[in-house]
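Q: Structure incoming, see below.
Number of protein chains: 4
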Amino acid sequence: MNTTIEEVAQKALECQETCNQCFSACLKEDHVKMMAECIRLDRDCADICGLVASFSSRESRFTKELIQLCAEICQACGDECQKHDHDHCQECAKVCHECAEVCRAYVA
Amino acid sequence: MNTTIEEVAQKALECQETCNQCFSACLKEDHVKMMAECIRLDRDCADICGLVASFSSRESRFTKELIQLCAEICQACGDECQKHDHDHCQECAKVCHECAEVCRAYVA
Amino acid sequence: MNTTIEEVAQKALECQETCNQCFSACLKEDHVKMMAECIRLDRDCADICGLVASFSSRESRFTKELIQLCAEICQACGDECQKHDHDHCQECAKVCHECAEVCRAYVA
Amino acid sequence: MNTTIEEVAQKALECQETCNQCFSACLKEDHVKMMAECIRLDRDCADICGLVASFSSRESRFTKELIQLCAEICQACGDECQKHDHDHCQECAKVCHECAEVCRAYVA
């Protein structure tokens, strides 16, 4: 069963939202220092996911290349989030990894 | 019944998608010249709606001000789209006007 | 002497860059916790400044409204940065306040 | 002589501006239909160039990957613009090709 571009766009928007929520929650934690890399990657991931949704809905001819890069950034963000016990990080890791997988499935 | 920030963010994402689809469809029409203003406003509206969704999910303190501006741009985009008979324009007009209303309800 | 839209766009791009550099530098500080509000506002300010530059160069009819909001966010970001002694915060405060002023002068 | 990240960011911002000006000018032409692909690519190129400038100034670890994709989009946008005689398209072609080259030199 093939992954559609609509599934990618939908998951990318969910991932953007989750990354932004994690970004905001990380900045409220007591030990923000520990979350620095998470905060950086949340922002990168939210930006690229937002652009994927925009490129796909306007049928850009570079949608596929962007999705390929999105898979990498989602994977890295998910891997980083997974290291932290906070609920928002665990939730973000889950959604980022799902998004990475959907992106890879689409590109394949 | 109050309009929640989640409703605004959800509608803004729907509006971003619809504006991007309208942007792409306008560029495929035979008379693109007539659609120039629609194409411009679709892009403006998609950009501001995307930023509203991002600001709200990361709890920016300027979310409300941005939503106020979003209401204006959605209204203008919906008004322009409404002038054109194409299905994508009529659909876009509907969603833009809904988004403008949700934004105004939230700010009020 | 009037402030031109080109001056606004130029200053907004400088402000976007400075805010992003401050964002990154804040995340390298020992006491990131203290910088949380600065990190948030750096991101908001960079986003809105980037959109101002984009709206102005494509002659969006909402450029002026966006610049008005940009002035507010730049002012808030500059005020927050000013509280911190780090060179990157002081530099960011300076550029944000300049950008706020250029924006206000243009809108006036 | 090596290409620095500052040179990439600087050229990307110039390219974003030129693409946005070309986008707006294309929509004022008599034969907008002919410019449809140019309008699409101008938007894609402006978006990716803006993100490159943002990623680089905040020292994202994905800056290089994004620059690689930016080179491709700039090349495609420059190739399309080059087909059209309008001054804004010729100017945009020149800057896009320069940006593609700077991006490739940096990644190499």
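Residue numbers (our numbering), protein chains in the order written: chain A, 1439 to 1546; chain B, 1439 to 1546; chain C, 1439 to 1546; chain D, 1439 to 1546. Ideal Cβ positions, reconstructed from N, Cα and C, are used throughout, including at glycine.
With 8 Å as the threshold, decide whether the Cβ of K1521/A is near any Cβ in chain C.
A: no
Q: For K1466/D, count the other beta carbons within 10 Å of its own beta carbon; 16 or more makes it buried, fewer makes it exposed. Which is it?
A: exposed
Q: Using a Cβ-Cβ distance cut-off of 8 Å, determine whether R1481/A contacts chain C.
A: yes
Q: Hey, which unbroken runs of the alpha helix (DSSP H) at 4 residues or more fall wholly within the stretch 1475–1537 of chain A?
A: 1501–1520
Q: Taking Cβ positions only, does Q1459/A come closer than 8 Å to chain B?
A: yes
Q: Taking 8 Å as the CB-CB limit, is R1478/A close to chain D?
A: Yes, its Cβ sits closer than 8 Å to a Cβ of chain D.
Q: Any contact between the stretch 1513–1529 of chain A and the stretch 1448–1460 of chain B? By contact I mean 3 or more CB pairs, one from each, below 8 Å.
A: Between the stretch 1513–1529 of chain A and the stretch 1448–1460 of chain B, the count of Cβ pairs shorter than 8 Å is below three; the stretches do not touch.
Q: By Cβ distance below 7 Å, which residues in the same chain neighbour I1511/A in space, the five residues on each side in sequence not counted?
A: Cβ neighbours of I1511/A beyond the five flanking positions: D1482, C1483, I1486.
Q: Relative to the C-alpha of A1450/C, which candidate in C1464/C, C1476/C, G1488/C has its C-alpha closest?
A: G1488/C
Q: Quick one: which chain A residues come within Cβ less than 9 Å of L1507/D?
A: F1500, E1503, L1504, Q1506, L1507
Q: Three Cβ pairs or more, each shorter than 8 Å: is that satisfied between the stretch 1503–1520 of chain B and the stretch 1530–1540 of chain B?
A: yes
Q: Please confirm if A1516/C has its CB atom under 8 Å from at least one CB of chain D.
A: In the sequence under discussion, the amino acid at residue 1516/C is Gly, which differs from the Ala named in the question. It does not: the Cβ of G1516/C has no partner Cβ on chain D nearer than 8 Å.
Q: Looking only at its chain, what residues have a beta carbon closer than 8 Å to the beta carbon of I1443/C, apart from the 5 residues adjacent to it on each side?
A: S1494, T1501, Y1544
Q: How would you write the range of the alpha helix (DSSP H) that L1451/D sits in, first residue to last?
A: 1443–1464
Q: Below 6 Å CB to CB, which residues in the same chain sit around Q1506/A once its five sequence neighbours on both sides are set aside?
A: V1545.
Q: Give the residues of chain B in contact with L1451/D, contact being defined as C-beta atoms less than 7 Å apart.
A: Correct list: empty, because the minimum Cβ distance to chain B is about 17 Å.
Q: For A1543/C, does the three-state DSSP call read helix, strand or coil?
A: helix
Q: Compare the C-beta of D1485/C with all C-beta atoms of chain B and state if any pair is closer than 8 Å.
A: yes
Q: From A1463/D to A1474/B, what distance separates their C-alpha atoms?
A: 11 Å
Q: Measure the CB-CB distance between R1478/B and A1509/B and report whether it falls below 8 Å.
A: no
Q: Taking CB distances under 8 Å as the criterion, tell me whether E1497/D reaches chain C.
A: yes
Q: Return the residue from the list E1445/D, T1441/D, C1460/D, A1491/D that minimises the CA-CA distance to Q1459/C.
A: A1491/D
Q: Does the Cβ of H1522/B have 16 or more other Cβ atoms within 10 Å, making it buried, or fewer, making it exposed?
A: Counting C-beta atoms within 10 angstroms of its own C-beta, H1522/B has 16 or more neighbours from the protein chains shown and is therefore classed as buried.
Q: Taking its Cβ as the centre, do 16 or more other Cβ atoms sit within 10 Å of R1499/B, making it buried, or is it exposed?
A: It is exposed - the Cβ of R1499/B has fewer than 16 other Cβ atoms within 10 Å.
Q: Answer with yes or no whether the minimum CB distance from E1455/D to chain C is below 8 Å.
A: yes
Q: According to the neighbour-count rule (16 or more other Cβ atoms, all chains shown, within 10 Å of its Cβ), is D1480/D buried or exposed?
A: Its Cβ being crowded by 16 or more others within 10 Å, D1480/D is buried.
Q: Is the distance from the Cβ of C1534/A to the Cβ of C1476/A below 8 Å?
A: no
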